[in-house]
Structures are given as C-alpha cells and as structure tokens.
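Undergrad: A single structure is presented below for examination.
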Amino acid sequence: MHSGAISQSDQLYVKPALLPRDFSRWLHDAFLNRQAADYGSELNLSREDIDALVAHARDFLAGVRQFLGSSGP
1 MHSGAISQSD QLYVKPALLP RDFSRWLHDA FLNRQAADYG SELNLSREDI DALVAHARDF
61 LAGVRQFLGS SGP
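Per the working numbering, numbering of the sequence shown is gapless, rising by one per residue and ending at 73.
Here you go:
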C-alpha cells in the first residue's frame, strides 16, 4: 500500500468514524514495517509482534468486509 492511499483512507473512512481508528494505526504500523523490510533496515519482530500483526490483519479484513457489505449500493 502507498502512503497516499493510507492518508486517503484516513480522510474518507477513519476521520468520519466509518471505520475504527485502530484500523488506521494498524495500517500505518504495517506500512512502516514493510518500508523497513523493503529498504534494508533491520526489522526484528518477536513472535508476539507477529501474532499481533496477524490478528490485526484479520480484524481489519473482517471489519472492512463488514463495512463493504453494509454500505451496499
């Protein structure tokens, strides 16, 4: 994901409270971790960190699916 897309998501969905603020924080954290991994910074994640990232990703996907299903045409 691109930082501009994350900013747009914040403006369109998080700021008006259509999606929870946690979703924004999780996206920002995941983006920063991906940037660190992609551009050579040392990225040391514990098993706990990884478990939390996976749980956040699952919760994020479930929440977005629910939002998309409820905001129908």
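Ideal Cβ positions, reconstructed from N, Cα and C, are used throughout, including at glycine.
Computed from a predicted structure; not experimentally measured.
Please return the same chain residues whose Cβ sits closer than 7 Å to the Cβ of F60, not counting the five positions on each side in sequence.
TA: The residue labelled residue 60 in the question sits at position 60 within the sequence shown. Excluding positions up to five away in sequence, the list reads F23 and W26.
Undergrad: Shortest alpha-carbon distance to D29 belongs to which of I6, G69 and L18?
TA: Residue 29 sits at position 29 when you count from the first residue of the sequence shown. The shortest Cα separation from D29 among I6, G69 and L18 belongs to I6.
Undergrad: Which stretch, first to last residue, makes up the alpha helix (DSSP H) that contains Q35?
TA: Taking the sequence shown and counting its residues from 1, the one referred to as residue 35 is at position 35. Taken as a continuous stretch (DSSP letters only), the alpha helix (DSSP H) holding Q35 covers R21 to D38.
Undergrad: Within 8 Å, do at least three Cβ pairs link the segment 37-48 to the segment 4-20?
TA: Verdict: no, contact absent.
Undergrad: Which residue's Cα is closest to the Cα of F31: H2, A62 and S70?
TA: What you label residue 31 is simply residue 31 of the sequence shown in a count that begins at 1. For the residues H2, A62 and S70, the minimum Cα distance to F31 belongs to H2.
Undergrad: Rounded to whole angstroms, what is the Cα-Cα separation between R58 and L18?
TA: Numbered from 1 along the sequence shown, position 58 holds the residue referred to as residue 58. Numbered from 1 along the sequence shown, position 18 holds the residue referred to as residue 18. Whole-angstrom Cα-Cα distance: 18 Å.
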